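In terms of my numbering, the sequence shown opens at residue 10 and continues consecutively. Ideal placement from N, C-alpha and C gives every residue a C-beta, glycine not left out. All values reported here derive from a predicted model rather than from experimental measurement. Accompanying notes for the structure given below.
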Amino acid sequence: MFDKVFLPDDCQVLSGEEISIAQNICKGLQQSTADREHYINKNGIDQLFAIPDGNWSRTAPNELFELFKRLAQGRPGDIRYFRGLCQIFSGCDLYRISKEKETSPSKRSFSAEYLADLGKVLSRRNAPFVPKWEKLTKNLPARFIVTPPKLLGECGILRNDVIINYDTLTYQEQVALIYYSGISEWLDRKIRENGKVRICEIGGGYGALANWFKRAYPECTYTVIDLPESLLFSKLYLKLCNPGLQVSLGTAPVPGGIRLTPNYMAEKLDESFDLVLDFNSLNEMSPYQIEKYAFMIKSWTGGEGLFFEQSQNNRHLGLEAPGKALGKQFKERVCLLGKGFKLGHGLANIWSNRQADLNFRHEAVKTVKCFLPVRLRYYGNRLFMALRSLLKGTP
């Protein structure tokens, strides 16, 4: 099968009006970051929760804040090659040429010479992802194939009209799990019964999963909770890829649209969600922030909703996995283990406070049900430690 190398310059060129829309978005998110401290102080928000921490603290070894400063200037070239500035979310730099010619994305120049050199390495760098993508998508209906829009400097290998790169593979794994776990069918049933479904994603990256959801489930109302610096990326991506879609910033309801809520406003979301999602965001936060999100997620999902998360082990970075905190809040856990494909981004779990009514597709995913509440083990361990301390103190 012939594969075409899809270059950043193969993307549709943005119009002057679209550039103007993007620049207004940049101004809005600059204001949101500037207002953060005032909002926190005025509303008595817990600073330990609201201020970026863990892998996203200002002293962490990543370029989020530098990239935000650059992108927020709204330069047309940066907007055109937007995808060359998104490596902080997946860890993969789509525009990396070689170690010898490497520059940090926040300082990168999208010159004609640089883009020509990039074109020479795209095929070699992305070819290994094609067979993995084929394995992931082999038995999936077309609706569940992640198809990146040909916009904003997307690049990779084009097969079956899908641009394949590392990020495509990452989001395809998430969508495959949503399909094989039965969550997709569960959402369809909710929509048939209620005409709508409410979804919340914690840490939306540059917006790729939200973009897929709104195309696969047009009836859904989608909320993304993230740092305002990250929301600049997701709002640009979602609005420019979906001009007719309502994408708003804040806590006000957006029925049928996408709401981007700065993390420092998350405690103000006093509502319910059918499905809450987290893909490797909680495991990049401080233990305190994980505990607080676990409590809020339990409140948002109530007795009927589901929380679906996938988390890599980040202990080598001094960070904690969210399982312990989640186990204190939820009674049921279903662990998904790749059977037809290898999970590349950590263990996937579905948490709920009642046994989930899901139609698992066992030919591709094995499930392990933890019928005893996970939190029972937590409190059992605490009781054991207390008894041991008591016995040690007994003469």
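If you drop the 5 nearest sequence neighbours on each side, which residues of the same chain put their C-beta closer than 7 Å to that of residue i?
i, result
"arginine 370", "Tyr189 and Gly191"
"proline 85", "Ile28"
"serine 320", "Asn289, Leu291, Asn292, Ala330, Pro331, Gly355 and Leu356"
"glycine 162", "Pro17, Cys20, Arg89, Tyr90, Phe91, Arg92 and Gly93"
"proline 264", "Thr230"
"valine 184", "Phe153, Val155 and Trp221"
"glutamate 26", "none"
"threonine 112", "none"
"isoleucine 31", "Correcting the residue type first, residue 31 is alanine in the shown sequence and not isoleucine. These residues qualify, in order along the chain: Gly83, Ile88, Leu245 and Leu249."
"glycine 353", "Glu182"
I think residue i touches residue j, with their Cβ atoms under 8 Å apart; what is that distance to the nearest whole Å?
i, j, result
"tyrosine 180", "alanine 217", "5 Å"
"isoleucine 172", "phenylalanine 15", "5 Å"
"isoleucine 166", "alanine 136", "7 Å"
"glycine 212", "aspartate 176", "Not confirmed; about 15 Å, so no contact."
"phenylalanine 77", "leucine 241", "6 Å"
"glutamate 210", "leucine 286", "4 Å"
"asparagine 358", "glutamate 318", "6 Å"
"leucine 254", "cysteine 164", "About 24 Å; that fails the 8 Å criterion."
Given this structure, state the Cα-to-Cα distance separating residue i from residue j, to the nearest angstrom.
i, j, result
"valine 406", "proline 227", "Here the chain covers residues 10 to 404 and nothing more, so residue 406 does not appear."
"serine 257", "glycine 128", "36 Å"
"glycine 259", "proline 271", "7 Å"
"asparagine 368", "tryptophan 195", "8 Å"
"phenylalanine 119", "glutamine 56", "38 Å"
"proline 72", "proline 237", "As written in the sequence, residue 72 is glutamate, which differs from the proline given in the question. Their backbone Cα atoms lie some 15 Å apart in a straight line."
"glutamine 82", "proline 252", "21 Å"
"lysine 159", "alanine 225", "18 Å"
"alanine 299", "aspartate 62", "A small fix is needed here, since residue 299 is isoleucine in this sequence, not alanine. Roughly 11 Å separates the two Cα atoms."
"asparagine 50", "aspartate 44", "10 Å"
"asparagine 203", "serine 193", "15 Å"
"alanine 125", "cysteine 20", "15 Å"
"leucine 345", "arginine 201", "26 Å"
"leucine 249", "arginine 92", "13 Å"
"proline 114", "leucine 94", "6 Å"
"histidine 47", "methionine 274", "12 Å"
"lysine 116", "glutamate 122", "16 Å"
"proline 157", "phenylalanine 74", "25 Å"
"phenylalanine 138", "glycine 266", "32 Å"
"leucine 427", "tryptophan 309", "What is shown of the chain runs 10 to 404, which leaves residue 427 out entirely."
"leucine 23", "leucine 80", "16 Å"
"serine 295", "aspartate 197", "35 Å"
"lysine 351", "aspartate 279", "37 Å"
"glutamine 40", "valine 233", "18 Å"
"leucine 145", "glycine 100", "20 Å"
"proline 140", "leucine 149", "15 Å"
"glutamine 96", "threonine 42", "21 Å"
"asparagine 52", "lysine 333", "30 Å"
"glutamine 364", "glutamate 313", "9 Å"
"isoleucine 187", "isoleucine 60", "31 Å"
"lysine 223", "lysine 147", "23 Å"
Look up residue i in the DSSP assignment and give the residues it is bridged to.
i, result
"isoleucine 172", "Leu167"
"aspartate 429", "With the chain covering 10 to 404 only, the question about residue 429 has no answer from this structure."
"isoleucine 299", "Paired residue(s): none; isoleucine 299 is not in a bridge."
"glutamate 6", "With the chain represented from 10 up to 404, any question about residue 6 goes unanswered, as that position is not in the structure."
"isoleucine 359", "Phe317 and Val343"
"valine 256", "Ile267"
"aspartate 287", "Ile211 and Glu318"
"valine 14", "Ile166"
"valine 206", "Cys229"
By Cβ distance below 6 Å, which residues in the same chain neighbour residue i in space, the five residues on each side in sequence not counted?
i, result
"glycine 214", "Phe98"
"leucine 381", "Confidence at leucine 381 is low in this model, with a pLDDT of 45, below 50, so its placement is unreliable and no value can be given for it."
"tryptophan 142", "Ile173 and Leu178"
"glycine 311", "Ser281"
"valine 383", "Confidence at valine 383 is low in this model, with a pLDDT of 45, below 50, so its placement is unreliable and the value that follows should be read with caution. Around valine 383: Gly336 and Arg342."
"lysine 199", "Val206 and Asp283"
"isoleucine 208", "Cys229, Tyr231 and Leu284"
"lysine 277", "Thr260"
"glycine 13", "Looking at the sequence shown, residue 13 is not glycine but lysine. The answer, listed in chain order, is Leu167."
"tryptophan 360", "Phe316, Leu335, Phe339 and Arg342"
"tyrosine 297", "Leu57"
"isoleucine 54", "Tyr273"
Are any of the Cβ atoms in chain C nearer than 8 Å to that of residue i?
i, result
"serine 29", "Within the model displayed, chain C is absent; a lone protein chain is all it includes."
If I measure Cβ to Cβ from residue i and keep anything under 8 Å in the same chain, skipping five residues before and after, which residues do I get?
i, result
"alanine 261", "Arg268"
"leucine 152", "Note that residue 152 corresponds to arginine in the displayed sequence, not to leucine. Counting only Cβ-Cβ distances below 8 Å, and skipping sequence neighbours, we find Ala225."
"leucine 399", "none"
"aspartate 170", "Thr156"
"arginine 133", "none"
"aspartate 366", "Trp195"
Would you check whether the ligand MG has a heavy atom nearer than 7 Å to the C-beta of residue i?
i, result
"phenylalanine 119", "The ligand MG is absent from the structure shown, which contains no ligands of any kind."
**Item:** At least three beta-carbon pairs within less than 8 Å, the stretch 240-251 to the stretch 30-45
**Value:** yes
**Prompt:** Hey, is the stretch 330-344 in contact with the stretch 289-305, meaning 3+ C-beta pairs nearer than 8 Å?
**Reply:** yes
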